Amino acid sequence: MSMADMAAAQVRRSLGFPSLTASGGSSVARRFNQDAVWEISASTMNMFYHRPATCDYLGSLDQGLTFSETALLFSDDQAGMLRKMWEGMTVSDDQIGTDLIRQLGPKGQFLAEQHTVDNCRTQVWNSRYLGPNIPLSNGGLQDQDLFERIEADLAERRKAPPPEAPAEHVMETARTVLARFR
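Shown next, in the form of C-alpha cells:
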C-alpha cells in the first residue's frame, strides 16, 4: 500500500499532476485498538515521504467500511506531527546560538542559559495524546490508556457548541455545484 502510494505520487509529480490522495490515517482493524494505532501511525509516516495533496481516509477502520471518531482524533494528532515535520526546522545563528557558543566555549553550561530556555522547545510537535501527555510513573498525570485519553478529549469536544453555518453565498455555490451532478 505505502510503496504504491509513494510511486503513484512520484509519477504524478513528475508529470506535473497533483499528487491526489493517500490511504494513510486508516486501518484494516475492525475497531480502534493497538492494531489500529500501529497501522495509523505507520501509514501516517509514509505520508510524510510521498506528500499527498489530501488525506481522505483519516479515521477509517475495517478496510474503509466504518469510521471512528476516536481514530479520527488520533489521526488528526498524527497529522499535526506531519505538519510540524513538513514545516522543517529553523537553522539560523540565532536559533543555534552561535554567539552563546562563542561566549561560553566548548565546555559551557548551555542548559543554564536563557537562550536555551527560549529556544529548546520552539520546534517540538505538541501532541494532544502522546509525548508530554503520556502518564509516567514519575509524573503527575492520571494513569490513563491512550484510548481513555482520546475518549476524554472527544467527550469535551462534543460539549462544545457547533460551528457557525457557512455564509449563504457559500451554501448557494455548494447547491449550484451539487445540482450539476444530480
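Using our numbering, you'd call the opening residue of the sequence shown number 2 and step up by one each time. The C-beta atom is built at its ideal place from N, Cα and C for all residues, glycine as well. The model shown is predicted, which means the values in this text are computed figures rather than measured ones.
Open item on the list: So phenylalanine 49 and leucine 83 are supposed to be a Cβ contact under 8 Å. How far apart are they, rounded?
Closed with: As a first step, residue 49 is located in the sequence shown; it is residue number 48 there, counting from the start. As a first step, residue 83 is located in the sequence shown; it is residue number 82 there, counting from the start. Right, the Cβ-Cβ distance comes to about 6 Å (below 8 Å), so this counts as a contact.
Task: Nearest candidate by alpha-carbon position, reference arginine 13, set Leu74, Ser24, Ala54, Ala30 - done: Translated into the one-based positions of the sequence shown, residue 13 becomes position 12. Checked all of Leu74, Ser24, Ala54, Ala30; the closest Cα to arginine 13 is Ala54.
- [ ] Have a look at Phe18, Leu62, His51 and flag the residue whose alpha-carbon is nearest the alpha-carbon of glycine 26.
- [x] One-based indexing of the sequence shown puts residue 26 at position 25. Checking every option, the nearest Cα to that of glycine 26 belongs to Leu62.
Open item on the list: Can you tell me whether serine 42 is helix, strand or coil according to DSSP?
Closed with: For the purposes of this step, residue 42 is identified with residue 41 of the sequence shown, where counting begins at 1. Serine 42: helix per DSSP, three-state reduction.
Task: Under 7 Å between C-beta atoms of serine 24 and glutamate 40 - done: Position 23 of the sequence shown, counted from the first residue, corresponds to residue 24. Position 39 of the sequence shown, counted from the first residue, corresponds to residue 40. Pairing serine 24 with glutamate 40 gives a Cβ-Cβ distance that is not under 7 Å.
Task: For phenylalanine 49, three-class secondary structure by DSSP - done: Looking up residue 49 in the sequence shown gives position 48. DSSP places phenylalanine 49 in helix when its eight states are reduced to three.
Task: Candidates Phe75, Met7, Leu16: closest to glutamine 35 by CA position - done: Within the sequence shown, numbered from 1, the residue matching residue 35 stands at position 34. Minimum Cα distance to glutamine 35 is reached at Phe75.
Task: Exposed unless 16 or more other CB atoms sit within 10 angstroms - verdict on cysteine 44 - done: For the purposes of this step, residue 44 is identified with residue 43 of the sequence shown, where counting begins at 1. Reading the sequence as shown, one finds serine at residue 44 and not cysteine. Burial check for serine 44: the Cβ neighbour count within 10 Å reaches 16 or more, so the residue is buried.
Open item on the list: Checking the sheet assignment: what are the DSSP bridge partners for serine 61?
Closed with: Here the question's residue 61 lines up with position 60 in the sequence shown. Residue pairing by DSSP places serine 61 opposite Phe68 in a beta bridge.
Task: Backbone secondary structure at threonine 174 - three-state DSSP - done: Locating residue 174 in the sequence shown gives position 173, where the first residue counts as 1. Residue state, collapsed to three classes: helix.
- [ ] Compare the beta carbon distance of aspartate 78 and arginine 150 with 7 Å and say whether it is the shorter of the two.
- [x] Numbered from its first residue, the sequence shown carries residue 78 at position 77. Numbered from its first residue, the sequence shown carries residue 150 at position 149. No, the Cβ-Cβ distance between aspartate 78 and arginine 150 is not below 7 Å.
- [ ] Leaving out five residues on either side along the sequence, give the residues of the same chain with a beta carbon under 8 Å from the beta carbon of glycine 52.
- [x] Position 51 of the sequence shown holds residue 52. Strictly speaking, residue 52 in this sequence is arginine, with glycine absent from that position. Non-local beta-carbon contacts of arginine 52 in its own chain, meaning distances under 8 Å to residues more than five positions away in sequence, involve Ala10, Ser20, Trp87 in chain order.
Open item on the list: Less than 7 Å between the C-beta atoms of leucine 155 and glutamate 70, yes or no?
Closed with: Walking along the sequence shown from the start, residue 155 turns up at place 154. Walking along the sequence shown from the start, residue 70 turns up at place 69. Result yes, Cβ atoms of leucine 155 and glutamate 70 sit closer than 7 Å.
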